[in-house]
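J.: Those letters in the sequence shown? Residues 1 to 455, per the UniProt record's numbering, in order.
Provided herewith is a single structure, encoded as C-alpha cells, for subsequent inquiry.
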Amino acid sequence: MTALHDHAVQPPATTSPAPVSRAGVVETLRLTGAALAPMLARGIILRRPPLVRLADRLQLDDRAVRALQASRRRHGDGPLLLRVPGRSLALVLSARDAGRVLAEGPTPFSPATREKRAALQHFQPRGVLISPPEDRPARRAWNETALQLDVPLHAQAASVAQIAAQELSGLRTAGRWDWEAFAPAWWRVVRRLTLGDAARDDEALTDLLGRLRSRANWAFLRRTDGPARAELLRRLDIYVQAAEPGSLAATVAALPADPDVHVADQIAHWLFAWDAAGIATFRALALLAGHPAHAAAVASEVDRADPVAPDLPLLRATVLESVRLWPTTLAVLRESTQDTTWAGSTVPAGTTFVITSSLAHRDDELLPDADRFAPQLWADDDAPGGTSASLWSMVPFSAGPARCPGRDLVLYTTGVALSVLTAGHRLEQAAGRRVAEGTALPRSLDHTALAYRVS
Numbered sequence: 001m002t003a004l005h006d007h008a009v010q011p012p013a014t015t016s017p018a019p020v021s022r023a024g025v026v027e028t029l030r031l032t033g034a035a036l037a038p039m040l041a042r043g044i045i046l047r048r049p050p051l052v053r054l055a056d057r058l059q060l061d062d063r064a065v066r067a068l069q070a071s072r073r074r075h076g077d078g079p080l081l082l083r084v085p086g087r088s089l090a091l092v093l094s095a096r097d098a099g100r101v102l103a104e105g106p107t108p109f110s111p112a113t114r115e116k117r118a119a120l121q122h123f124q125p126r127g128v129l130i131s132p133p134e135d136r137p138a139r140r141a142w143n144e145t146a147l148q149l150d151v152p153l154h155a156q157a158a159s160v161a162q163i164a165a166q167e168l169s170g171l172r173t174a175g176r177w178d179w180e181a182f183a184p185a186w187w188r189v190v191r192r193l194t195l196g197d198a199a200r201d202d203e204a205l206t207d208l209l210g211r212l213r214s215r216a217n218w219a220f221l222r223r224t225d226g227p228a229r230a231e232l233l234r235r236l237d238i239y240v241q242a243a244e245p246g247s248l249a250a251t252v253a254a255l256p257a258d259p260d261v262h263v264a265d266q267i268a269h270w271l272f273a274w275d276a277a278g279i280a281t282f283r284a285l286a287l288l289a290g291h292p293a294h295a296a297a298v299a300s301e302v303d304r305a306d307p308v309a310p311d312l313p314l315l316r317a318t319v320l321e322s323v324r325l326w327p328t329t330l331a332v333l334r335e336s337t338q339d340t341t342w343a344g345s346t347v348p349a350g351t352t353f354v355i356t357s358s359l360a361h362r363d364d365e366l367l368p369d370a371d372r373f374a375p376q377l378w379a380d381d382d383a384p385g386g387t388s389a390s391l392w393s394m395v396p397f398s399a400g401p402a403r404c405p406g407r408d409l410v411l412y413t414t415g416v417a418l419s420v421l422t423a424g425h426r427l428e429q430a431a432g433r434r435v436a437e438g439t440a441l442p443r444s445l446d447h448t449a450l451a452y453r454v455s
C-alpha cells in the first residue's frame with residue numbers, strides 16, 4: 001500500500017534558531033486585527049457562515065499572511081511576543097519553530113492551552129486534547145488504539161464504503177448539490193459510522209452538539225450549559241452500550257478502557273472533528289472540478305479500486321491538499337509548561353504559542369507550492385517536495401505527539417466519500433469561488449457557497 005501520511009514523524013528543519021522579538025503596541029493591534037480577530041470571529045469551534053462568507057469576499061487569510069510576513073521581515077523569524085495585558089502570547093513565524101513546538105510535547109509544549117480548555121470544556125470536559133498531564137497518557141493511548149492511528153485501512157473500512165455509498169450516492173443521482181444538501185447527508189454518514197445505524201436520523205443529537213459548540217466559540221465568555229452537556233454525554237454512552245456491529249461504537253465497546261478515560265468525552269471530540277472533515281471533503285470537490293487532469297487520474301484510480309475497501313491514494317492526497325490550502329484548524333495552539341529558551345532569549349512558562357495555519361501552509365515567501373494545487377507533495381513520506389521548510393509547514397492534521405489520532409480514518413473516509421460522489425461522472429463546479437488549474441488559489445474559500453453538478 002502506498003505510504004501517504006502528513007509529515008508528522010519528520011524532525012524539525014535544521015536552520016539556525018532565532019531569538020524572540022517583542023511587538024510594540026501598534027504592531028500588536030495590527031496583527032490582532034489582521035490575523036487573530038478574523039479567526040476568532042469566524043468561529044474556532046463552530047463556523048459562523050456569515051463570517052465565513054465575509055472572509056471569502058475580503059480574502060482575510062491573505063491579509064493575515066501578509067501581516068505576519070511583514071512582521072517577520074521586521075523582526076526576524078523567531079517567535080514574536082505580542083503585548084497582550086495579562087497574557088504571554090507568541091506568534092510562531094517559522095517552520096523551524098513550528099517543528100519544535102509541535103515535536104516537543106506535551107512537555108514543555110502542551111496542547112491543553114488555557115484557551116482550548118475554556119472552549120472545549122463546553123462539550124467534552126475530559127477530552128484528551130485538554131486533559132491534564134496525569135490523565136493524558138491513558139486517554140491518548142486509548143484514542144490511538146480505537147481510531148487505529150497509522151493503519152490506513154481501519155477495521156471498519158468496509159462499513160465506511162457501504163455507508164458512504166448509501167448516504168451520498170443520492171446527491172450524485174440528483175445531478176447537482178450544494179452545502180445545504182451535502183451537510184445533512186455527511187452527518188448521516190458520520191452518525192452511522194461512529195454510533196451505528198440507530199443514530200442515522202438522530203439529528204437532535206447533532207443539533208445538541210452544535211448548540212454546545214456554538215457556546216464553545218465564546219470560551220471564557222459564555223457560561224457552561226451543564227445540563228445540556230450532561231445530556232450529550234449520556235446519549236453518547238447509550239449508543240456505545242448498544243455497540244452496533246460495523247460502527248466505531250462497536251470498536252469502542254470491545255476495547256478495554258480505564259474509567260478515567262471517559263469514553264463519551266472522547267467520542268464527542270470525534271464528532272466535532274468529523275465536521276471539519278466534511279468541510280474539507282466539500283472543498284476537495286472544487287479542486288477536482290478545477291483540475292481536470294488530476295480528476296481523470298482519480299477516475300482511473302476509482303475504477304481500479306477494490307469496491308469493498310478501496311485504497312485511494314490520489315483522493316487522500318486531494319483531501320490533504322484541501323486542508324493544506326484551506327485549513328479547517330485556523331490556528332494550532334500550544335502552551336509552555338516551563339520557561340523555554342530561544343537562541344539565548346527566554347520565554348516564560350504559561351506562554352501560548354500560536355501557529356497560524358494560513359501562514360504555515362501558504363507562506364509564499366518560502367514555499368514554492370504555497371498557492372497552487374500540488375497533490376504530489378503527499379505522494380510519499382520520503383519525498384515531501386518543496387523546500388526543507390515545508391516539512392513542518394504541511395501539517396494539516398497537526399504533528400508530533402499530539403497529531404490527530406483519527407487522521408488515517410478521516411483520510412480514508414473522505415477519500416471514499418469523494419469516490420462515491422464522482423464515480424463514473426464528470427464533475428463541474430456550479431457555484432462559489434473557482435479554484436481553476438493554472439491560477440493562484442484563493443487563501444479563503446467559503447465552503448457554504450460551493451455547489452457541484454455531474455454529467
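By construction, the Cβ of each residue, glycine as well, lies at the ideal position given by its N, Cα and C atoms.
Only a predicted model underlies this, so the values are computations on that prediction, with no experimental measurement involved.
Specify the secondary structure class of phenylalanine 272 as computed by DSSP and reduced to three states.
T.: Locating residue 272 in the sequence shown gives position 272, counting from the first residue. Phenylalanine 272 falls in the helix class under three-state DSSP.
J.: Between the C-alpha atoms of glycine 76 and alanine 273, what's the straight-line distance to the nearest angstrom?
T.: As a working mapping, residue 76 is identified with position 76 in the sequence shown. As a working mapping, residue 273 is identified with position 273 in the sequence shown. Approximately 34 angstroms between the Cα atoms of the pair.
J.: Check for me: the alpha helix (DSSP H) holding leucine 102 runs from which residue to which?
T.: Sequence index remark: in the sequence shown, residue 102 carries index 102 (1-based). Counting along the chain, the alpha helix (DSSP H) containing leucine 102 begins and ends at 95-103.
J.: Within this structure, are the beta carbons of leucine 89 and valine 354 separated by less than 8 angstroms?
T.: In the sequence shown, residue 89 corresponds to position 89, counting from 1. In the sequence shown, residue 354 corresponds to position 354, counting from 1. Yes.
J.: Where does alanine 112 sit, in a helix, a strand or coil, going by DSSP?
T.: Along the sequence shown, one-based indexing puts residue 112 at 112. If DSSP states are grouped into helix, strand and coil, alanine 112 belongs with coil.
J.: Please return the same chain residues whose Cβ sits closer than 8 angstroms to the Cβ of alanine 417, not counting the five positions on each side in sequence.
T.: Against the sequence shown, residue 417 aligns to sequence position 417. These residues qualify, in order along the chain: Ala164, Leu168, Trp186, Val189 and Thr281.
J.: Considering only residues of the same chain and omitting the five flanking positions on each side of phenylalanine 373, which have a CB-CB separation below 8 angstroms?
T.: To locate residue 373, count along the sequence shown from 1; it is residue 373. Within the same chain, phenylalanine 373 has close Cβ partners Leu287, Gly290, His291, His294, Glu321, Leu325, Val435, Glu437 and Leu441.
J.: Nearest-angstrom Cα distance between glutamate 144 and valine 26?
T.: For the purposes of this step, residue 144 is identified with residue 144 of the sequence shown, where counting begins at 1. For the purposes of this step, residue 26 is identified with residue 26 of the sequence shown, where counting begins at 1. Answer to the nearest angstrom: the Cα atoms are 44 angstroms apart.
J.: May I ask you to verify whether the stretch 207-225 touches the stretch 113-129, counting CB pairs closer than 8 angstroms and requiring at least 3?
T.: Enough Cβ pairs lie closer than 8 angstroms, so yes.
J.: In whole angstroms, what is the alpha-carbon distance linking leucine 248 and proline 256?
T.: Locating residue 248 in the sequence shown gives position 248, where the first residue counts as 1. Locating residue 256 in the sequence shown gives position 256, where the first residue counts as 1. In a straight line, the C-alpha of leucine 248 is about 14 angstroms away from that of proline 256.
J.: Under a three-way DSSP split, which group does arginine 433 fall into?
T.: Indexing the sequence shown from 1 puts residue 433 at position 433. Coil.
J.: With a floor of 4 residues, list each alpha helix (DSSP H) that falls wholly inside the stretch 323-367, ordered by position along the chain.
T.: Here the runs fully enclosed are 357-362.
J.: If you pair each beta-carbon of the stretch 351-365 with each one of the stretch 65-85, do three or more pairs fall below 8 angstroms?
T.: The stretch 351-365, when compared against the stretch 65-85, does touch it at the 8 angstroms Cβ threshold.
J.: Buried or exposed: where does histidine 425 fall if 16 or more other Cβ atoms within 10 Å of its Cβ makes it buried?
T.: The count along the sequence shown starts at 1 and reaches residue 425 at position 425. With fewer than 16 other Cβ atoms within 10 Å, it is exposed.
J.: Using a Cβ distance threshold of 8 angstroms, determine whether the stretch 329-341 contacts the stretch 171-179, with at least three qualifying pairs required.
T.: The stretch 329-341 is not in contact with the stretch 171-179.
J.: Using only the alpha-carbon positions, how far apart do leucine 409 and arginine 443 sit?
T.: Within the sequence shown, the letter at position 409 stands for residue 409. Within the sequence shown, the letter at position 443 stands for residue 443. If I take the Cα positions, the gap works out to 26 angstroms.
J.: Just curious, the alpha helix (DSSP H) that serine 300 is in, first and last residue?
T.: Your numbering for residue 300 matches position 300 in the sequence shown. Looking at the DSSP string, the run of the alpha helix (DSSP H) that includes serine 300 is 292-304.
J.: Let me make sure I understand the geometry here. Which of Gln124, Arg100, Arg200 and Arg22 has the alpha-carbon closest to that of leucine 209?
T.: Residue numbering aside, residue 209 sits at position 209 when the sequence shown is read from its first letter. Per the Cα distances, Gln124.
J.: Give the secondary structure of leucine 91 by DSSP, where H, G and I count as helix, E and B as strand, and everything else as coil.
T.: Walking along the sequence shown from the start, residue 91 turns up at place 91. Three-state result, leucine 91: strand.
J.: Kindly provide the ranges of any alpha helix (DSSP H) runs that are 4 or more residues long and lie completely inside the stretch 232-271, ordered along the chain.
T.: Those alpha helix (DSSP H) runs which fall completely within the stretch 232-271 and span 4+ residues are 248-253.
J.: Which residues in the same chain have their Cβ closer than 7 angstroms to the Cβ of alanine 370, if we skip the five residues on either side of it in sequence?
T.: For the purposes of this step, residue 370 is taken as residue 370 along the sequence shown, with counting starting at 1. Excluding positions up to five away in sequence, the list reads Arg362, Asp363 and Asp364.
J.: Report buried or exposed for valine 84, applying the criterion of at least 16 other Cβ atoms within 10 angstroms of its Cβ.
T.: Looking up residue 84 in the sequence shown gives position 84. Exposed, because fewer than 16 other Cβ atoms sit within 10 Å of the Cβ of valine 84.
J.: Which term fits serine 16, buried or exposed, when burial requires 16 or more other beta carbons within 10 angstroms of its beta carbon?
T.: If you number the sequence shown from 1, residue 16 lands on position 16. Label assigned to serine 16: exposed.
J.: If you follow the alpha helix (DSSP H) that arginine 139 is in, where does it begin and where does it stop?
T.: Counting from one through the sequence shown, the residue named residue 139 turns up at place 139. Taken as a continuous stretch (DSSP letters only), the alpha helix (DSSP H) holding arginine 139 covers 136-147.
J.: What's the C-alpha gap between alanine 349 and threonine 356?
T.: The sequence position of residue 349 within the sequence shown is 349, counting from 1. The sequence position of residue 356 within the sequence shown is 356, counting from 1. If you take the alpha carbons of alanine 349 and threonine 356, they lie about 20 angstroms apart.
J.: Are the beta-carbon atoms of arginine 140 and valine 128 separated by less than 8 angstroms?
T.: Reading the sequence shown from its first residue, position 140 is the one you call residue 140. Reading the sequence shown from its first residue, position 128 is the one you call residue 128. Taking 8 angstroms as the Cβ cut-off, arginine 140 and valine 128 qualify as a contacting pair.
J.: Considering only the beta carbon of each residue, do isoleucine 44 and leucine 330 sit closer than 8 angstroms?
T.: Working through the sequence shown from its first residue, we reach residue 44 at position 44. Working through the sequence shown from its first residue, we reach residue 330 at position 330. The answer is yes: Cβ separation under 8 angstroms.
J.: Identify, in the order they occur along the chain, each residue of the same chain with its Cβ nearer than 6 angstroms to the Cβ of alanine 8, setting aside the five sequence neighbours on each side.
T.: Sequence index remark: in the sequence shown, residue 8 carries index 8 (1-based). At alanine 8, the pLDDT of 37 sits below 50, so the modelled position is not reliable; the number obtained from the coordinates is stated separately. Answer for alanine 8: Ala399 and Arg403, listed in chain order.
J.: Would you kindly work out how many angstroms separate the C-alpha atoms of valine 261 and leucine 450, rounded to a whole number?
T.: Within the sequence shown, the letter at position 261 stands for residue 261. Within the sequence shown, the letter at position 450 stands for residue 450. Cα to Cα, the separation comes out at about 39 angstroms.
J.: Might you give, ordered along the chain, the residues of its own chain that have their beta carbon closer than 8 angstroms to the beta carbon of threonine 387, omitting 5 neighbours on each side?
T.: In the sequence shown, the residue the question calls residue 387 occupies position 387. Residue confidence for threonine 387 is low, a pLDDT of 33 falling below 50, so the modelled location carries little weight; the figure read from the coordinates is stated next. So the list reads Leu366, Leu367 and Pro368, once near-sequence residues are dropped.
J.: Could you have a look at leucine 441 and say whether DSSP puts it in helix, strand or coil?
T.: Indexing the sequence shown from 1 puts residue 441 at position 441. Three-state result, leucine 441: coil.
J.: To the nearest angstrom, how far is it from the Cα of aspartate 197 to the Cα of alanine 243?
T.: As a working mapping, residue 197 is identified with position 197 in the sequence shown. As a working mapping, residue 243 is identified with position 243 in the sequence shown. So the two alpha carbons sit approximately 10 angstroms from each other.
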